[in-house]
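Asker: Quick note, my numbering runs 52 ahead of the 1-based positions in the sequence shown.
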Amino acid sequence: MGQMDSRTVLVTGGTSGIGRAVVTRFIEEGAHVFVTGRRQAEIDALVAELGTGVTGMRGDVSDLEDLDRVYAAIAERGQGLDVVVANAGGGAFSALADLEPEDFDHTFGINVRGTVFTVRKALPLLNANASIVVTGSTSASRAIASFGVYSASKAAIRQFSRVWAIELADKGIRVNTVTPGPTETPGLAGLAADPAQARALLDGMADGVPLGRLGQPSEIADAVLFLSSPHASFITGSELFVDGGESQA
Ligand SMILES: NC(=O)c1ccc[n+]([C@@H]2O[C@H](COP(=O)([O-])OP(=O)(O)OC[C@H]3O[C@@H](n4cnc5c(N)ncnc54)[C@H](OP(=O)(O)O)[C@@H]3O)[C@@H](O)[C@H]2O)c1
């Protein structure tokens, strides 16, 4: 028996990095997983690899009509929704002096608006004892130069998740934030201008982690699975740092 047998799960941004590892982990545990991302080719490749346990849907979390299509498909399956992993997100370095309004709107549109309406629109479908896990970031509670917009967007969703935990508690719905430290994903490497700089960036980040290395997506996925499972039945409103100690250093 898997921990997620007969559960229906949505993972936004599930075609790469942390989201992909979460999808894989939930499928191993018997869930049916709806996966979103903006690139159809990545979705097709994931579905081909993982098989019948996954339903891939192209969708941008910052587009409300895309979210409506995804939730319509989940409703049509007729089994509600047990877990929402609001994971889609990203950012870029920009010093305050160089910041353009479009860059601010883009990052907040995906990380904040996208997360808020992913969760808001899930509510009518959530089954009893459903679990919501939001992907935060250690940058939300640190000050990294040129990372202000991303950091603030992650601080915003951390705060939303605390409030939602209180608002949804009377329905038995739990809401938690999983907070990765630097984790080896295409998204993290993509912060650098080119592959050579990416290696230097990643090595520099690993140096700042007490455990002395980057996290692996599967390590974040294990934490998401835990927070979504009955093992975490008395945990809501919490923030689980999966960061090799970075936030405590
Ligand atoms: N890696 C780290 O070190 C780290 C640390 C802390 C927090 N995080 C957070 O963890 C989450 C995953 O990051 P990652 O490093 O795994 O990134 P990644 O490798 O770039 O993967 C991001 C995933 O999200 C999808 N995505 C991006 N924008 C989207 C949108 N608007 N709508 C729907 N899907 C979207 C991407 O697919 P498409 O491009 O096809 O849409 C992809 O599947 C993010 O929220 C990130 O902020 C990462």
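All C-beta atoms in this analysis are idealised placements derived from N, C-alpha and C, irrespective of residue type, glycine included.
#1: To the nearest angstrom, report how far apart Gly130 and Leu254 are at their CA atoms.
#2: How many Å lie between Asp52 and Ser58 at the Cα?
#3: Considering Cα atoms alone, identify which of Ala245, Met53, Leu133 is closest to Ser146.
#4: With DSSP run on the structure shown, which of helix, strand or coil describes Ala245?
#5: Inspect the CB distances between the stretch 135 to 146 and the stretch 186 to 193 and report whether three or more fall short of 8 angstroms.
#6: Buried or exposed: which applies to Ser213, given that a residue is buried once 16 or more other Cβ atoms fall within 10 Å of its Cβ?
#7: Can you look up Val186 in the DSSP assignment and give me helix, strand or coil?
#8: What is the DSSP secondary structure of Asp134, counted as helix, strand or coil?
#9: Please report how far the alpha carbon of Gly54 lies from the alpha carbon of Glu81, in whole angstroms.
#10: Would you mind working out which of Asp155, Gly289, Val201, Thr64 sits nearest Gly224, comparing C-alpha positions?
#11: How is Ala284 classed by DSSP in three states: helix, strand or coil?
#12: Among residues of its own chain, excluding the 5 on either side of Ala125, which ones have a beta-carbon nearer than 8 angstroms to its beta-carbon?
#13: At a cut of 8 angstroms, does the stretch 158 to 174 reach the stretch 198 to 205 through at least three beta carbon pairs?
Answerer: According to the structure data:
#1: Counting from one through the sequence shown, the residue named residue 130 turns up at place 78. Counting from one through the sequence shown, the residue named residue 254 turns up at place 202. Going by the C-alpha atoms only, they are around 43 angstroms apart.
#2: Nothing can be reported for residue 52, as the shown portion of the chain is limited to 53 through 301.
#3: For the purposes of this step, residue 146 is taken as residue 94 along the sequence shown, with counting starting at 1. Nearest to Ser146 by alpha-carbon distance, out of Ala245, Met53, Leu133, is Ala245.
#4: Here residue 245 refers to the residue found at position 193 of the sequence shown. Annotated three-state conformation of Ala245 is coil, per DSSP.
#5: Because the criterion of three Cβ pairs below 8 angstroms is met, the stretch 135 to 146 and the stretch 186 to 193 touch.
#6: For this step, residue 213 is matched to residue 161 along the sequence shown. With a threshold of 16 other beta carbon atoms within 10 Å, Ser213 meets it and is buried.
#7: For this step, residue 186 is matched to residue 134 along the sequence shown. It is a strand residue.
#8: What you label residue 134 is simply residue 82 of the sequence shown in a count that begins at 1. Asp134: strand per DSSP, three-state reduction.
#9: Counted from its first residue, the sequence shown places residue 54 at position 2. Counted from its first residue, the sequence shown places residue 81 at position 29. The alpha-carbon atoms of Gly54 and Glu81 are separated by roughly 4 angstroms.
#10: Taking the sequence shown and counting its residues from 1, one reaches residue 224 at position 172. Among Asp155, Gly289, Val201, Thr64, the Cα nearest to that of Gly224 is on Gly289.
#11: The residue labelled residue 284 in the question sits at position 232 within the sequence shown. Three-state DSSP puts Ala284 in a helix.
#12: For the purposes of this step, residue 125 is taken as the residue at position 73 of the sequence shown. So the qualifying residues of the chain are Phe86, Thr107, Met109.
#13: Yes: at least three Cβ pairs fall under 8 angstroms.
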